[in-house]
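Heads up, the thing below is written out as structure tokens.
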Amino acid sequence: MKKIVCLALVLIMALSMMGIASAEGETLKLTVLGRQRSGITFEETQTLHAWQVLCDMFKANNLELEYTVVERDQIASVLNATLAGSDIPDFFYANPLSDADCINLIDRGMMLDINEALKYSKGPAAKEFGEGGLYEISRQIHTYTDGGMYFFGNVSKQISIDTAYGSHAIVGNNCTMLIRQDWLDRLNLPMPKTLEDVVNVLVAFQENDMNGNGIKDERIVIDWDSTFNGVAGWFGLAPQVFQCNRLEKTAVVPELQEGYVPYVKFLQELVDKGLAYLSDEVSYYNGGTSEGDLLNTIMQDDCVAMYYGVALADHTFQSAEAVYTAMPLIQAVEGIEPIMNISHGYKVWSRWGFSAKADPKAVAAFLDTICTQEYAKWVTFGIEGETYEVDPDSGLYTFTASNKYEDIMSTGKARGYMLVIDSFLPDASQIGWYQQYYGPLNWKSYDEFLNSEYCTKTLASQYTENQMKNLKIYCEEAQKALLYNFNNDVGMITPMNTLEEAEVLDMYEADVKTYLKEMTVNFLTGVYDINDYESCVEELNSIGLQDVLAVRQAQYDRYFGK
Ligand SMILES: [Ca+2]
């Protein structure tokens, strides 16, 4: 008899617990609209272990996501069609929308103020979107004029050094001019220190037929239609249009800077003397783009005397004896300080948003998931023991798998970054945050970094002596130079527009940018005459340059709290 009572009590307790569980554990749902990741399809992604791990992370917060993933080139039209109708997704990749489109959605009451959802956060999201949190930078630029936060961006924290211009991500994107050191040595020539030296060295390389093919083809290769090319930096030109000079807190147009006319004249000299070919329209980057691929192709002819690359480049496309050294900056014009591009170590980019009809509790559960260390590690490193290892002594995370499509599909192993980022889920990469190496991978000065165990042991074991020498030269230059953001500041640090600003940009910016992109090449090919520079500036102003510049400046003013 006693036994039965006990059983009944257990049964009642179990039933009442189930009752509580079902009230609390009601599955929350969100619909998601994103675009196909390049390389791997959504169907393929769903077959991987990493995908299951991701689903489990959301499930642990009682959340189920229902995905609609469209082709990359169709996301803009699908998004616009969807937003015009009634069946709006709860969460979507908003990057293809213009600023004016986004503001329009806010003004029509179609977007959820993320602050409202954060009230339901169980901790991680409230913390990370708050002061000192990882997403603080996103709150800063995505807060609209009415105080609501209707969008948020991807964020990342990289291995970096703190500078007066902000955090400098040191291991990737360390752009520098590189010169054939082995050719300088063979001719017993010193490192060029002036523009005249550069010309003389290039002439000497051709005269002495350094590559031995009987052709005067040894040359500097330049990305002509951009000021993101190293040479422009010698003339103090910002690497991108409307880039922010963080020292003066101003929006800068390189084509209007003091060094621009001397820059064009120097390029003209290189072209006229056959020391640079206009047909070499290359980008700094070692592959992955058509301009980067062209650089690799040219390199196979063993004729690249100088190019804009990265300090840690391995030069696999060059002949085996080629040795490149990072060039110290050249001051091209007296009174104009040369500049460098640096990749910011703490940044935000791209845009995501929730529609007003999304359940704020589900939104909180979503944000609570993506704001965890678990998600950030999954994005950046993947799954421990499968795609990364943690050194038990140093705590250093090492990614051990491959990012190549063929390898992912043959091994079934991938990190989150390759599957969902920049497509239908946000990025929260924190490479410098989770890799502990006797402390976080973040230093107070270049010297501190160069003397760190991470640099002298870990990096030194991964790169050649020459690559490490180039990194050191790069650091020494960065320490002295005026620094600009490697990425486009527009969209990265510019806070949201007002509707009036968005309309000005819609009206003028595309034409202005097209004109600027073609301007330098037009001088070099004789379409324009550099002696007639002033009339080009007048033309630019007549198509709205000053209006666009004023909007960008107003945005930077808000960013800096002016
Ligand atoms: Ca030659």
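Mapping of the sequence shown onto the numbering used here: position 401 corresponds to residue 647, and the numbering continues sequentially without gaps. Glycine included, each C-beta is placed from N, C-alpha and C at the ideal position.
Outcome for V750 when other beta-carbon atoms lying within 10 angstroms are tallied against a minimum of 16: Counting of Cβ neighbours within 10 angstroms places V750 among the buried residues, the total reaching 16 or more.
Endpoints, the beta strand (DSSP E) within which V569 is located: Per DSSP, V569 belongs to no beta strand (DSSP E) and is neither H nor E.
M552 to C301 span [Cα, whole Å]: 49 Å
Start and end residues, alpha helix (DSSP H) containing N768: 745-770
Nearest-angstrom Cβ-Cβ length linking G737 and Q404, presumed shorter than 8 Å: 18 Å between Cβ atoms; not a contact.
Three CB pairs or more closer than 8 Å across the segment 507-515 and the segment 575-595: Inter-segment contact for the segment 507-515 and the segment 575-595 is present: three or more beta-carbon pairs are separated by less than 8 Å.
For V217, three-class secondary structure by DSSP: Residue 217 cannot be examined here, being either before or after the span of the chain that is shown, 247 to 808.
Beta-carbon proximity list for F806, same chain, < 6 Å, skipping 5 on both sides: K495
Beta carbon nearer than 5 Å to a non-hydrogen atom of ligand 1: D455, N457, N459, I461, D463
Residues of its chain near E630, where Cβ-Cβ distance is below 7 Å and the 5 sequence neighbours each way are ignored: Excluding sequence neighbours, E630 sits near V636.
Span of the beta strand (DSSP E), counted from its first residue to its last, around T812: Since the first and last residues shown for the chain are 247 and 808, residue 812 lies out of range.
Reduced DSSP secondary structure (H/G/I, E/B, other) of Y506: helix
Reduced DSSP secondary structure (H/G/I, E/B, other) of W598: DSSP places W598 in the strand class (E or B) of the three-state scheme.
CB-CB length for V498 against A484, believed under 8 Å: 4 Å
Residue burial classification, Q546 (beta-carbon count within 10 angstroms, cutoff 16): exposed
Cβ pair A346, D757 closer than 7 Å: In terms of Cβ geometry, A346 and D757 do not form a close pair [threshold 7 Å].
For P500 and L829, the rounded distance between their alpha carbons: In this structure the chain extends from 247 to 808, so residue 829 is not present and cannot be described.
Runs of alpha helix (DSSP H) lying entirely within the segment 332-356, each at least 4 residues, in chain order: 345-353
At least three beta-carbon pairs within less than 8 Å, the segment 643-652 to the segment 390-401: They do not touch, by the three-pair rule.
Which listed residue (V625, V783, D560) has its alpha carbon closest to that of G418: With distances taken between CA atoms, G418 lies nearest to D560 out of V625, V783, D560.
For S640 and D336, believed in contact at Cβ under 8 Å, the rounded distance: Beta-carbon to beta-carbon, D336 and S640 are separated by about 42 Å, too far to satisfy the 8 Å threshold.
Run of the alpha helix (DSSP H) containing D793, from where it starts to where it stops: Taken as a continuous stretch (DSSP letters only), the alpha helix (DSSP H) holding D793 covers 791-805.
CB-CB length for M573 against M714, believed under 8 Å: Between M714 and M573 the Cβ distance is about 16 Å, and since that is not below 8 Å, they are no contact.
Where Y680 falls: helix, strand or coil (DSSP): helix
Opening and closing residue of the alpha helix (DSSP H) in which K718 lies: 711-726
Cα-Cα separation between E317 and K305, rounded to whole angstroms: 27 Å
Simplified DSSP state of P686, which is helix, strand or coil: strand
Option in D775, N712, Q792, C782 with minimal Cα separation from E747: Cα-wise, what sits closest to E747 is Q792.
Chain-order list of residues whose beta-carbon lies under 8 Å from that of G658 (same chain, five-residue window excluded): Within the same chain, G658 has close Cβ partners T293, L294, H295.
Nonlocal neighbours in the same chain, by C-beta distance under 6 Å from D548, ignoring five residues either side: N457, S565
Reduced DSSP secondary structure (H/G/I, E/B, other) of R432: helix
Presumed contact (8 Å Cβ cut-off) between Q427 and Y570, rounded CB distance: 6 Å
Reference V797; option with closest CA among V315, G662, T744, D693: T744
Three-pair Cβ contact test at 8 Å for the segment 617-631 versus the segment 346-364: Too few Cβ pairs lie closer than 8 Å, so no.
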